[in-house]
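First up is the structure itself, then whatever we jot down about it.
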Amino acid sequence: MICAIGLLGLVLLMVILIWQAAGPSIKAFGFSFFFTREWDPVHGRFGALPYIYGTLVSTLLALLLAGPVSLGAAVYVAEFAPRKIKNILGFMIDLLAAVPGIIFGLWGNFVLSPWLAGSLEPRLEHYFGFLPLFRGPATGVGMLAAGIILAIMISPLITAVSREVLEIVPASQREAMIALGATPWEVVRRAVLPYARTGIVGAFTLGLGRAIGETMALTMVIGNRPQISASLFAPAYTMTSVIVNEFTEAVEPLHLAALIHIALVLFLVTLLVNTVARLMIYLMNRRVKKWTV
Amino acid sequence: MFRKLSLVMLSAFLLLLPLSGCGRQAAGPPGSGGKTVLLNGAGATFPYPLYSRWIDTYGQMHANVKINYQPIGSGAGIEQITKKTIDFGGSDAPMSDAQLKAAPGEILHIPTVLGAVAVTYNLPGLTGHLKLTSAVLAGIYLREIKKWNDPRLTALNPELNLPDQNILVVHRSDGSGTTNIFTDYLSRVSPQWRERVGKGTAVNWPTGIGGKGNDGLSRQVQANPGAIGYVELSYALLNNLPYALLRNSAGRFVAPTLESITAAAAGAAARMPSDLRVSIVDAPGENAYPVAGFTYILAYREQADPDKGRALADFLWWAVHDGEKMARELVYAPLPPEVVTRVEQKIKSISWQDKPLLTAKE
Amino acid sequence: MDRLGAAGYRETNERDMGKSGISLYSGRWRQIHCRMMTGLCALAVLTLLAVLLIIMTYILLQGIPGLNWQFFTRPPAPVGLPGGGVYHAITGSLVLVGLACLIAIPWGVAAGIFLAAPRRPGPLAALVRFTADVLSGVPSITAGIFIYTLVVVRMHTFSALAGGLALAIVMLPVVTRNTEEILRLVPRGLQEAALALGISWWRVMLHIVLPTAARGVAIGITLAMAGVAGDPVPLFFTALNNNHFSLDLTQPMASLPMEIFRYAAGPFVTWHRLAWSGALVLIGIILLPMLLARIILPGYRIRR
Chain A
555 MICAIGLLGL VLLMVILIWQ AAGPSIKAFG FSFFFTREWD PVHGRFGALP
605 YIYGTLVSTL LALLLAGPVS LGAAVYVAEF APRKIKNILG FMIDLLAAVP
655 GIIFGLWGNF VLSPWLAGSL EPRLEHYFGF LPLFRGPATG VGMLAAGIIL
705 AIMISPLITA VSREVLEIVP ASQREAMIAL GATPWEVVRR AVLPYARTGI
755 VGAFTLGLGR AIGETMALTM VIGNRPQISA SLFAPAYTMT SVIVNEFTEA
805 VEPLHLAALI HIALVLFLVT LLVNTVARLM IYLMNRRVKK WTV
Chain B
-17 MFRKLSLVML SAFLLLLPLS GCGRQAAGPP GSGGKTVLLN GAGATFPYPL
33 YSRWIDTYGQ MHANVKINYQ PIGSGAGIEQ ITKKTIDFGG SDAPMSDAQL
83 KAAPGEILHI PTVLGAVAVT YNLPGLTGHL KLTSAVLAGI YLREIKKWND
133 PRLTALNPEL NLPDQNILVV HRSDGSGTTN IFTDYLSRVS PQWRERVGKG
183 TAVNWPTGIG GKGNDGLSRQ VQANPGAIGY VELSYALLNN LPYALLRNSA
233 GRFVAPTLES ITAAAAGAAA RMPSDLRVSI VDAPGENAYP VAGFTYILAY
283 REQADPDKGR ALADFLWWAV HDGEKMAREL VYAPLPPEVV TRVEQKIKSI
333 SWQDKPLLTA KE
Chain C
744 MDRLGAAGYR ETNERDMGKS GISLYSGRWR QIHCRMMTGL CALAVLTLLA
794 VLLIIMTYIL LQGIPGLNWQ FFTRPPAPVG LPGGGVYHAI TGSLVLVGLA
844 CLIAIPWGVA AGIFLAAPRR PGPLAALVRF TADVLSGVPS ITAGIFIYTL
894 VVVRMHTFSA LAGGLALAIV MLPVVTRNTE EILRLVPRGL QEAALALGIS
944 WWRVMLHIVL PTAARGVAIG ITLAMAGVAG DPVPLFFTAL NNNHFSLDLT
994 QPMASLPMEI FRYAAGPFVT WHRLAWSGAL VLIGIILLPM LLARIILPGY
1044 RIRR
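Protein chains in written order, with the numbering used here: chain A, 555 to 847; chain B, -17 to 344; chain C, 744 to 1047.
In structure tokens:
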């Protein structure tokens, strides 16, 4: 009980201290901080929009890439894999989920980016260049690289958690479907996945959280330029990266405050993501209740 | 029973982690000659390779002094010395008047070595070095000069066959002392740059893409034909990057070399104020390279702890005399003799309760 | 998953059938469709593992040449001199993570027990659970800045203690939520039987539920440890880093992720090699307890 309240207190203290430290920036920019594109440390004008955009888009991209693959992998390991390799597969994915981000960053920086610049991006531009998404100089560092690295990082995590969720679906759910003559896929699609949906949303929320909070790996591949560009090849910037990049070089009090202000925004975004996930789970449960009644 | 055992094992395993470390401590440091003094420093990344060599060499001669320097950035060096969380700071840029005022005591600026910024580019098939003036360089970074065969460029380089190609500007994405020196230079020579962008460790770039660190930046330049960027000189020399010759205030085109940087420092020594805070970009002198700067160690004149203060003063004294001799090997430009004599005065003034602490002999 | 397939599915479903969920397509098509989807799922596993194995192999290939006895037993050499190791960083990482564990495990497990307690779900529990979720989503840099303003600035020195605290904050919500989840999986009957005997709920938790779930809790803890052991970000403004071997908790302390970052960011090829070897050692250190926990720890295996 005390420990639980202590946890509450800790988070409250964090918010208060960060709020205090961000004070000068909050006073100077207020709400316009969220909508301003400019980031000019020399003249003391700060806006968080490009960073918010970078964080959201790179995370979204990662979820688009990692989501289907992770869910498919989780379903395979939990439902279809032969018993012998099932444990090994599950264990490997668990281990990979624990590999730290900085290591993916190293790999992304030394291997992925040059490969993107040298072969993937020119090809994408050649075939899909009519879309603004795939235009611009192929530098290898940018939104695309960030999305891919994030996807690689979060997919073992989403897979591992989704698998656990799928495995606690009671056998009775499956058996009922099998009794109706369903194929194994139909069992998954109509019984297992709906039953486990809240858990799967939870798994995606975890992945989302890790993607939003990831710092080192992204800093090494995203190109670190605060701009909003339609092209996936263009460099971008995320909230976490700008804090790591500039926190140690900031000397003006307002610059420091603006960076901490971004940390506060990040806190809010996390809060929002968690609230939305909660709400989704709640709505899904309600809908199901309505159906079954 | 079995289950309880597992709990015990689990906690034992987790407790053993830190304890296994503590066990070694007793056998750890040999109690050789009095108290061991620990000095913590942090700040600029640029001089870190040299400082790490200094610390190692000095540590071998003085077993009771342990120095720890962490390259976390010039801004952090200034911020942390102001907050007194470290014993000395490192910074590529001198502290501003406002920053000095914010500090709880008088902070000394001790120049240690010199850094310079080389302009590098990727123009395949080019023979000879590109020549640039400050106005043209500012024009490129302001995106007023967009093509390599712009008349302003070809006029400076009649002997080079510059291609009809777009210029891709590359800059540092992380806050950096290198950016500070580079933008300081552009601000000094171009009013328009001063107006629109200004100088700082991170600025609002009018154009271009960013690369993280010298490494990331030079990779961007090498990957994109037509690119131009700026890197620390030692990085350019160690990696054999092509560099441009820049026109200095005497009107000569000068290559970035250790000699031309030391020349810039010597040229600027005359106008150095008593607190040694000076920008040496666009320095006077026949052979002075225009984009250079001192890197400083920051320390309080009045030390809180006499043992630490003494160790720091002795180390600094050693560094600017014997230490300077190692600079060339690691591609740093040593201080010119004119500046060393000025620095000596500063180190002698480090004191505890108004008593000077330096014990090293001249 | 094949989006078109799923959409088509729903359409037929809603049109022709009740709630049984069985499509009215011919049996043959359903078999093929099933095979196809199973195949896609298998493909997903293969893609995932292939990409990750490529990365791991690459790190192995880059890291192994730099591994030798010196690497494990010596502090770092200055630039330009050969040799040098990460001894100081390995011990530093162990101490920092150990410190974090000392704080986060008792706290997190206790909070987890509170959340999983068998009583009506009150608003407090919901709030704490929500807070823990938010905290686990908060980027580790926030924890670093927090401890920096709270501890480092007041103590006037960067210290291992501050580093341990920052890591503990990152670990805490993970341990809490994981403990709760695992405890909830312990069969209800077990608890109810004990409660029926009139034993207070916390005794039931401590003597029956917790030991039953010990293995799961421990595995969760190793996961949380893995999460913090590889993250340099909370250490930047807390434990900083140290060129020397140190066990003094009031002084800056080295750690593997900080050393890897320092080496990777540097401009020297020799440093990059050290970074790869360091990364390899780090992976080893992280995965070892996870493996050990799974192999050695006895206890009731909860079907997850």
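Where is the CB? At the ideal position from N, CA and C, for every residue including glycine.
Straight-line Cα distance separating residue j from residue i
i: residue 630 of chain A; j: residue 790 of chain C; result: 12 Å
i: residue 669 of chain A; j: residue 205 of chain B; result: 11 Å
i: residue 79 of chain B; j: residue 94 of chain B; result: 21 Å
i: residue 687 of chain A; j: residue 617 of chain A; result: 17 Å
i: residue 264 of chain B; j: residue 276 of chain B; result: 13 Å
i: residue 7 of chain B; j: residue 818 of chain C; result: For residue 7 of chain B, the pLDDT reaches just 37, beneath the cut-off of 50, and the residue's location in the model is therefore unreliable, although a value from the coordinates is still provided. Cα to Cα, residue 7 of chain B sits roughly 16 Å from residue 818 of chain C.
i: residue 21 of chain B; j: residue 612 of chain A; result: 42 Å
i: residue 315 of chain B; j: residue 238 of chain B; result: 11 Å
i: residue 798 of chain C; j: residue 661 of chain A; result: 7 Å
i: residue 838 of chain A; j: residue 772 of chain A; result: 33 Å
i: residue 963 of chain C; j: residue 938 of chain C; result: 26 Å
i: residue 304 of chain B; j: residue 342 of chain B; result: 12 Å
i: residue 814 of chain C; j: residue 980 of chain C; result: 26 Å
Among the options, nearest to residue i - alpha-carbon criterion
i: residue 982 of chain C; options: C:903, C:963, C:812; result: C:903
i: residue 719 of chain A; options: A:644, A:795, A:836; result: A:644
i: residue 110 of chain B; options: B:141, B:98, B:132; result: B:141
i: residue 593 of chain A; options: A:826, A:678, A:792; result: A:792
i: residue 207 of chain B; options: B:186, B:86, B:170, B:130; result: B:130
i: residue 82 of chain B; options: B:96, B:99, B:62; result: B:62
i: residue 814 of chain A; options: A:797, A:730, A:777; result: A:797
i: residue 306 of chain B; options: B:195, B:35, B:25, B:151; result: B:35
i: residue 1006 of chain C; options: C:1018, C:996, C:997; result: C:1018
i: residue 340 of chain B; options: B:284, B:317, B:151; result: B:284
i: residue 1028 of chain C; options: C:956, C:998, C:809, C:798; result: C:998
i: residue 313 of chain B; options: B:342, B:220, B:255; result: B:220
i: residue 876 of chain C; options: A:827, A:834, A:836; result: A:827
i: residue 334 of chain B; options: B:294, B:311, B:251; result: B:294
i: residue 57 of chain B; options: A:811, A:824, A:825, A:801; result: A:801
i: residue 886 of chain C; options: A:572, A:835, A:830, A:560; result: A:572
Anticipated Cβ contact below 8 Å, residue i with residue j, distance rounded
i: residue 40 of chain B; j: residue 300 of chain B; result: 6 Å
i: residue 913 of chain C; j: residue 977 of chain C; result: 6 Å
i: residue 99 of chain B; j: residue 163 of chain B; result: 5 Å
i: residue 148 of chain B; j: residue 128 of chain B; result: 6 Å
i: residue 851 of chain C; j: residue 955 of chain C; result: Not really, about 18 Å apart at Cβ, beyond 8 Å.
i: residue 783 of chain C; j: residue 626 of chain A; result: 6 Å
Residues bridged to residue i (per DSSP)
i: residue 101 of chain B; result: B:212
i: residue 975 of chain C; result: Residue 975 of chain C is not bridged to any residue.
i: residue 148 of chain B; result: B:129
i: residue 866 of chain A; result: The first residue shown for chain A is 555 and the last is 847, placing residue 866 of chain A beyond what the model contains.
i: residue 52 of chain B; result: B:24
Simplified DSSP state of residue i, which is helix, strand or coil
i: residue 223 of chain B; result: coil
i: residue 313 of chain B; result: coil
i: residue 91 of chain B; result: strand
i: residue 709 of chain A; result: helix
i: residue 874 of chain C; result: helix
i: residue 270 of chain B; result: coil
i: residue 187 of chain B; result: coil
i: residue 680 of chain A; result: helix
i: residue 204 of chain B; result: helix
i: residue 1004 of chain C; result: helix
i: residue 922 of chain C; result: helix
i: residue 24 of chain B; result: strand
i: residue 326 of chain B; result: helix
i: residue 581 of chain A; result: helix
i: residue 776 of chain A; result: coil
i: residue 942 of chain C; result: coil
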